[in-house]
Amino acid sequence: MSSREWMERALFLAMRGRGKTSPNPMVGAVIVKDGQVIGEGFHAAAGGPHAEIEALRMAGERARDSEIYVTLEPCSHFGKTPPCTDALLKAGIQKVTAAMIDPNPALNGRGIEILKKTGIETEVGLLENEARKLNEIFIKWITTRLPFVTLKAAISLDGKMVTLPGQSHWITSEESRQKGREMRSWHDAILVGIKTILKDDPMLTTRIPSARNPIRIVLDSSARTPVNAEAIRTQAVAPTWIVTTGKNKNRETALQKAGASVIRLPEKDGKVDLHALCNYLAEKNVTSVLVEGGAEVHRSFLKSGLVDKVAYFIAPKIFGDGVAPVLQLQEVQVTQIGEDILIEGKKV
Numbered sequence: 080m081s082s083r084e085w086m087e088r089a090l091f092l093a094m095r096g097r098g099k100t101s102p103n104p105m106v107g108a109v110i111v112k113d114g115q116v117i118g119e120g121f122h123a124a125a126g127g128p129h130a131e132i133e134a135l136r137m138a139g140e141r142a143r144d145s146e147i148y149v150t151l152e153p154c155s156h157f158g159k160t161p162p163c164t165d166a167l168l169k170a171g172i173q174k175v176t177a178a179m180i181d182p183n184p185a186l187n188g189r190g191i192e193i194l195k196k197t198g199i200e201t202e203v204g205l206l207e208n209e210a211r212k213l214n215e216i217f218i219k220w221i222t223t224r225l226p227f228v229t230l231k232a233a234i235s236l237d238g239k240m241v242t243l244p245g246q247s248h249w250i251t252s253e254e255s256r257q258k259g260r261e262m263r264s265w266h267d268a269i270l271v272g273i274k275t276i277l278k279d280d281p282m283l284t285t286r287i288p289s290a291r292n293p294i295r296i297v298l299d300s301s302a303r304t305p306v307n308a309e310a311i312r313t314q315a316v317a318p319t320w321i322v323t324t325g326k327n328k329n330r331e332t333a334l335q336k337a338g339a340s341v342i343r344l345p346e347k348d349g350k351v352d353l354h355a356l357c358n359y360l361a362e363k364n365v366t367s368v369l370v371e372g373g374a375e376v377h378r379s380f381l382k383s384g385l386v387d388k389v390a391y392f393i394a395p396k397i398f399g400d401g402v403a404p405v406l407q408l409q410e411v412q413v414t415q416i417g418e419d420i421l422i423e424g425k426k427v
């Protein structure tokens, strides 16, 4: 196998930590000797062993005079675990190939420099774009001290985000809804507005047994969230943060007694200041937020300039004005034309 393939394997391993390592990055490592993998590992959880340590444990004494492929520059500092650079030196690794330099301004390039000075051959940049995409959340948070914000929505072809009265509650398919639940597990927090809580009373969990549930954030400037709302009654499943502007102290107290965390932040144009919110979340090590709705919340985030990524699930349906029946399409084809997307389909 080639160097590229070894690094691809390391990136694949790193993905196994998705949604579990925050506020740390996802990292994978592969140790190769005489053209064979003798050790591999990934960072499984914050505070746990780093990918390089897991790979070295598997390799054991065979690690001497071998090469390690790692998706991120080995750490050079004492945190919750000792420096990986020390472990690599002790193991007798001959060469380190890293996909990218650590974006942490306090560490940027230091690990590679330490390895170079001790005579270990180093290489940086193999599949760097793929590695940066893998850790786009960590890179945003560690370099700007702001969370990575993803705007997620389910819409019809004619731009409807909610179904009309008397029609099916769901716009998209079960497969799309399952993907959306997976996306929840990849983020530290999920955010909705008070109108979504009052209209749908969602639980806002992943419904995936092996996945973690994100913090549930409700933008509720006047503390209108009912104390018996699903997101309040299920605090044992995941914490719920009600973000207010301090307009209704009595309601805030009731929500706190019901188990929710109430966070008072400054207001802007009569609503919660989203910049203040993102600053607060970053301070609490919330590195990523999945903004699910509703439409007013989406507009506010787009206007704020805080959105980093958009994930729109588009159903092959046309809802019209509510008078004509829904038009469902089949044999759907999606074609990219320049920067545009052409969606074609036949009436069912």
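Sequential numbering of the sequence shown, starting at 80, is according to the working numbering.
Built from N, CA and C at the ideal position, the CB exists for glycine as well.
Keep in mind that this is a model prediction, so the values were computed, not measured.
Please report the distance separating the alpha-carbon of E209 from that of R295.
30 angstroms
Taking the beta carbon of T223 as the centre, do at least 16 other beta carbons fall within 10 Å, making it buried, or is it exposed?
exposed
Cβ-based neighbour list, V365, same chain, cut-off 6 angstroms, excluding 5 preceding and 5 following:
P226, D267, A268
Chain-order list of residues whose beta-carbon lies under 6 angstroms from that of F392 (same chain, five-residue window excluded):
A233, T251, S255
Please work out which residues of its chain come closer than 7 angstroms, Cβ to Cβ, to E309, disregarding the five sequence neighbours upstream and downstream, and give them in chain order.
D280, P281, M282
Do you know whose CA, among N358, L421, G126, A108, lies nearest K174's CA?
A108
Which whole runs of the alpha helix (DSSP H) in the segment 180-250 are 4 residues long or more, in chain order?
189-196, 207-213, 215-223
Among Q415, V427, V386, L186, whose alpha-carbon lies nearest the alpha-carbon of I397?
V427
In three-state terms, what does DSSP make of F380?
helix
Is there contact between the segment 145-156 and the segment 99-114, where contact requires at least three CB pairs shorter than 8 angstroms?
yes
Comparing alpha-carbon positions, which option in D348, P102, V351, G424 lies nearest K363?
P102
Extent of the continuous alpha helix (DSSP H) to which Q409 belongs:
No alpha helix (DSSP H) holds Q409; the beta strand (DSSP E) holding it covers 406-416.
At what residue ranges does the segment 110-162 contain a whole run of the alpha helix (DSSP H), taking only runs of 4 or more?
130-138
Taking only the alpha-carbon atoms, compute the straight-line gap between N329 and G126 and give it to the nearest angstrom.
39 angstroms
Three-state secondary structure (DSSP) of A374
helix
Boundaries of the alpha helix (DSSP H) in which L385 is found, first to last residue
First-last for L385: undefined, no H or E at that position.
Can L206 and L270 be called in contact, C-beta distance under 8 angstroms?
no
Closest to V203 by CA distance: which of G190, R189, M179, H377 is it?
M179
Using a Cβ-Cβ cutoff of less than 6 angstroms, which residues in the same chain neighbour L236 once the five nearest sequence positions on both sides are dropped?
I397
Among the residues of its own chain, which have a CB less than 6 angstroms from the CB of P182, if the five just before and after it don't count?
I218, I221, T222
For the candidate residues G325, Q335, T332, A337, whose alpha-carbon lies nearest to that of K347?
G325
Can you find a CB in chain D that lies within less than 8 angstroms of the CB of R211?
Annotation note: the requested chain D is absent from the structure, which comprises a single protein chain.
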